[in-house]
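Numbering (the working numbering), first residue to last: 1209 to 1327. Ideal placement from N, C-alpha and C gives every residue a C-beta, glycine not left out. Here is the structure we will look at, set down as structure tokens.
Structural data, given as structure tokens:
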């Protein structure tokens, strides 16, 4: 998600009215910076990972950006997120992290070149 936030901030001077991450992803899609399927995948990943962060907050954990290592805590988090079990939680987190990493590596240079080229 760091790449999304970077792209978001690169576009801030040109489009200051776009504030939220999802709103910016949609704008990047609309203006052809991101392919529609890429914007959708990044949006889904963002919603899921923000949900995990909210679940960790509800569980009153100290670390909001790290998954619990304890299997019982993982099961509790899965329950909070309405997932069937901790295995599904861990698989979903791995899937979305991998998705973000792969899409970011592929698209980041393109986004940066478009933004810096338009300056």
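- Query: In whole angstroms, what separates the C-alpha of residue 1316 from that of residue 1280?
  - Reply: The count along the chain shown starts at 1 and reaches residue 1316 at position 108. The count along the chain shown starts at 1 and reaches residue 1280 at position 72. Rounded to the nearest angstrom, the two C-alpha atoms are 37 Å apart.
- Item | Close beta carbons around residue 1249, own chain, < 8 Å, minus the five adjacent residues each side | As a working note, residue 1249 is residue 41 in the chain shown. Cβ within range, chain order: 1307 and 1311.
- Message: Between the alpha carbons of residue 1269 and residue 1263, how many angstroms are there, rounded?
- Response: As a working mapping, residue 1269 is identified with position 61 in the chain shown. As a working mapping, residue 1263 is identified with position 55 in the chain shown. Spanning the two alpha carbons is a distance of roughly 9 Å.
- Message: I need the DSSP call for residue 1264, collapsed to helix, strand or coil.
- Response: Start at 1 with the first residue of the chain shown, and residue 1264 comes out as number 56. Helix, per DSSP.
- Query: Cβ atoms of residue 1247 and residue 1233: under 7 Å apart, would you say?
  - Reply: Position 25 of the chain shown, counted from the start, is the residue given in the question as residue 1233. Position 39 of the chain shown, counted from the start, is the residue given in the question as residue 1247. Cβ atoms of residue 1233 and residue 1247: closer than 7 Å.
- CB-CB under 8 Å to residue 1289, same chain, minus the five flanking residues each way: which ones, in chain order? Within the chain shown, numbered from 1, the residue matching residue 1289 stands at position 81. The residues are 1259, 1260, 1263 and 1297.
- Query: For residue 1292, which of helix, strand or coil comes out of DSSP?
  - Reply: Counting from 1 along the chain shown, the entry for residue 1292 is found at position 84. In this structure, residue 1292 counts as coil in the three-state DSSP scheme.
- So, helix, strand or coil for residue 1258, using DSSP? Here the question's residue 1258 lines up with position 50 in the chain shown. It is helical.
- Alpha-carbon to alpha-carbon, residue 1295 and residue 1287: Counting from 1 along the chain shown, the entry for residue 1287 is found at position 79. Counting from 1 along the chain shown, the entry for residue 1295 is found at position 87. Near 12 Å, if we compare the C-alpha coordinates of residue 1295 and residue 1287.
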